Amino acid sequence: MNLVFSWGWLPRLSQGLLLTVELTLLSMALGAALGLILAMLRVYGRGPLLPLYLVASAYVHFFRGTPLLVQVMAFYYGLPSVGVQLSPFVAGLLALTLNTAAYQAEYFRGAIQSVRVGQMQAALALGLSRLQALRYVVLPQALRLVIPPWTNELIYMVKGSAVVYLIGVLELMGQAKNIAARTFRNFEVYVVVALFYLALIFVLTVALRAVERRIRVPGLGAPSRA
Amino acid sequence: MLLRVEDLHKRYGKEAVIQGVSFSLDQGETKVIIGPSGTGKSTLLRCINRLTEPDRGRIWLEDLEITSFKVNLNHIRAKIGFVFQDFNLFTHLTALDNVRLGLLRVKRMSRKAATERALAELARVGLADKAKAYPAELSGGQQQRVSIARALAMDPKLILFDEPTSALDPELIGEVLSVMENLAKSGMTMLVVTHEMGFARSVADEILFMEKGVIVEQGPPDQLFRSPKHPRTAEFLRRITDLYGGER
Chain R
1 MNLVFSWGWL PRLSQGLLLT VELTLLSMAL GAALGLILAM LRVYGRGPLL
51 PLYLVASAYV HFFRGTPLLV QVMAFYYGLP SVGVQLSPFV AGLLALTLNT
101 AAYQAEYFRG AIQSVRVGQM QAALALGLSR LQALRYVVLP QALRLVIPPW
151 TNELIYMVKG SAVVYLIGVL ELMGQAKNIA ARTFRNFEVY VVVALFYLAL
201 IFVLTVALRA VERRIRVPGL GAPSRA
Chain L
1001 MLLRVEDLHK RYGKEAVIQG VSFSLDQGET KVIIGPSGTG KSTLLRCINR
1051 LTEPDRGRIW LEDLEITSFK VNLNHIRAKI GFVFQDFNLF THLTALDNVR
1101 LGLLRVKRMS RKAATERALA ELARVGLADK AKAYPAELSG GQQQRVSIAR
1151 ALAMDPKLIL FDEPTSALDP ELIGEVLSVM ENLAKSGMTM LVVTHEMGFA
1201 RSVADEILFM EKGVIVEQGP PDQLFRSPKH PRTAEFLRRI TDLYGGER
């Protein structure tokens, strides 16, 4: 077998990598903001906010219950029929964001619910409002607990973002597809691309582990030794 | 009168937990509520700062009606300290930050003033050297003392204690009780639910014996312990003495 690699692929692949990083980090950040709101509605919304609770629940079920690929296609090819034409990047980013928000909402919900009820009660008993109790007591604990599943979601989204090549976004996968089509070096190109993904995920994982260690507090989450 | 509770009722589903409780508390008084488990003692305390909503009845703190729907709940709660059975210290905060949180976010004190006050309260419960420790690094007795400091820092008009030593190992109970005893002596108004009969006897101005959602008997500790008027009080005191081996 004769393998041929070329340094000439690197500029394009680097551009692609950059776009993958952009798509992933943007959709994760926006998805975290939306996911947090959804999670709080799902946990605390059953009283007077019942309509919002129902909307949040329906949202989560819908976006977790349909394939990401279908969502991407719908935003890019479907929306023009109701008069909204998005660029491939925006359509892709929107689909990724709305999708990950649903998953993140569930991770956040789990974390919020694993903060013991007494914490909220002690905060209220001090005279903090419900929102203050969330802001200063419940969320600081929940966000620490959520880091491991959130890392999982981040890894999934790095790879999941590859589907937007199908609507013409030239992220890592899109660039690879183009190079492979031009050079017919399918195997070599995809091996290189796989290594790019692997390296990116390695860096992100290490970074989040560092964050987790930095903000760890004794008695919260997994003990540092077994 | 500092606190007045009038004909309080609370039921959970079919079970009537509190069935018409009335009593009052004067400035500087310590009253202790005793009684078997599941007779509504904790529920009663929680109704007083409205962590639990009573179904019926009225409660006043001085001339402010706590049970009025117009009242600002956060405002009321800031004036009433609450010490929980399982401490409920904020897990992610150091002892200092636990005591400081209410000062900063509810009383809106400056950081410097809040820190000074919090350190003073920690010193008062004998834990000045543990300011930087997280709850998980403290013993149960130390955690409960921090939680008392957290309540004290808010300058409450009264403090409610919900079985403050029930979750503690026997050898740690003493340190918490002695902090509470000093508080009572210093003139703090306190309402305490406890099974510690020794504490009740030596510190309380009055004992309320509660069973099945009502106050069966109340009176000064000497009278209530020596010559209970109601057979159920006598029966309870006999059982608790068997269980806890008399006074400490």
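Keeping their order, the protein sequence lines are chains R and L.
Note that my numbering has the first sequence beginning at 1, numbered continuously upward.
Note that my numbering has the second sequence beginning at 1001, numbered continuously upward.
All C-beta atoms, glycine included, are put in the ideal place defined by N, C-alpha and C.
If you're wondering where the values come from, they're calculated on a predicted model, not measured in any experiment.
Cβ atoms of R/LEU172 and R/LEU13 come within 8 Å of each other, at about 7 Å.
L/MET1210 sits in a strand when the DSSP states are folded into three classes.
Ranked by Cα distance from R/ALA111, the options R/ASN99, R/LEU128, R/LEU204 and R/PRO148 are led by R/PRO148.
With a threshold of 16 other beta carbon atoms within 10 Å, L/ARG1108 falls short and is exposed.
The Cβ-Cβ distance between R/ARG185 and R/VAL4 falls below 8 Å. Judged by their CB atoms, R/ALA95 and R/GLN113 are not nearer to each other than the 8 Å cut-off. In this chain, the beta strand (DSSP E) harbouring L/ILE1033 covers 1030-1034. For L/GLN1019, the enclosing beta strand (DSSP E) has its first and last residue at 1015-1025. Nearest to L/ASP1129 by C-alpha distance, out of L/LEU1103, L/PHE1023 and L/LEU1096, is L/LEU1096.
Short of 8 Å from the beta carbon of L/ASN1074, and not among the five residues preceding or following it, lie these beta carbons of its own chain, in chain order: VAL1106. Under the three-pair Cβ rule at 8 Å, the segment 70-90 of chain R does not count as touching the segment 40-59 of chain R. As computed with DSSP, L/GLU1006 is found in a beta bridge with L/ARG1058.
Counted as a single uninterrupted DSSP element, the stretch harbouring L/VAL1083 is not any alpha helix (DSSP H) but the beta strand (DSSP E) occupying residues 1080-1083. In the DSSP annotation of this structure, the continuous segment of the alpha helix (DSSP H) that includes R/MET157 starts and ends at 139-160.
With a threshold of 8 Å between beta carbons, R/TYR136 makes contact with chain L. Contacts with chain R at 8 Å (Cβ-Cβ) include L/GLY1102.
Listed by position along chain R, the residues whose Cβ is nearer than 7 Å to that of L/VAL1214 form an empty set, because the closest Cβ is around 26 Å away. Taking 9 Å as the upper bound on Cβ-Cβ separation, chain L lies near residues PRO140, GLN141 and ARG144 of the segment 140-151 of chain R.
With fewer than 16 neighbouring CB atoms inside 10 Å of its own CB, L/LYS1070 falls in the exposed class. Under the DSSP definition of a beta bridge, R/VAL72 lacks any partner. With a cutoff of 8 Å on beta-carbon distance, L/GLN1143 and L/LEU1089 are scored as near each other. A distance of 8 Å or more separates the beta carbons of L/PHE1082 and L/ALA1167.
R/LEU17 is positioned such that its CB atom lies no closer than 8 Å to that of R/VAL169.
Per the C-alpha coordinates, the member of L/ALA1118, L/ILE1207 and L/VAL1176 positioned closest to L/GLY1219 is L/ILE1207. For L/LEU1051 against L/THR1189, the beta-carbon gap comes to about 19 Å, at or over 8 Å, which does not count as contact.
The beta carbon of L/ARG1232 sits closer than 7 Å to those of GLU1211 and VAL1216, all from its chain and outside the five residues before and after it, given in chain order.
Inclusion of R/TRP150 and R/GLN104 in the CB contact set at 8 Å is warranted, their separation being smaller than that value. Secondary structure at L/MET1190: strand, using DSSP grouped into helix, strand and coil. From the beta-carbon of R/GLN132, the residues of chain L found nearer than 7 Å are ARG1105.
Counting the other Cβ atoms within 10 Å of the Cβ of R/THR66 gives fewer than 16, which makes it exposed. In this model, L/ASP1026 and R/LEU34 are separated by some 50 Å (Cα to Cα). Assigned with DSSP and collapsed to three states, L/ASP1242 falls in helix. When beta bridges are read from the DSSP output, L/PHE1161 appears opposite L/VAL1083 and L/VAL1192. Residue state for L/ILE1066 is assigned as coil, using DSSP reduced to three classes. In the three-state scheme derived from DSSP, where H, G and I count as helix and E and B as strand, R/VAL193 is classed as helix. Collapsing the DSSP output to three states places L/GLU1053 in coil.
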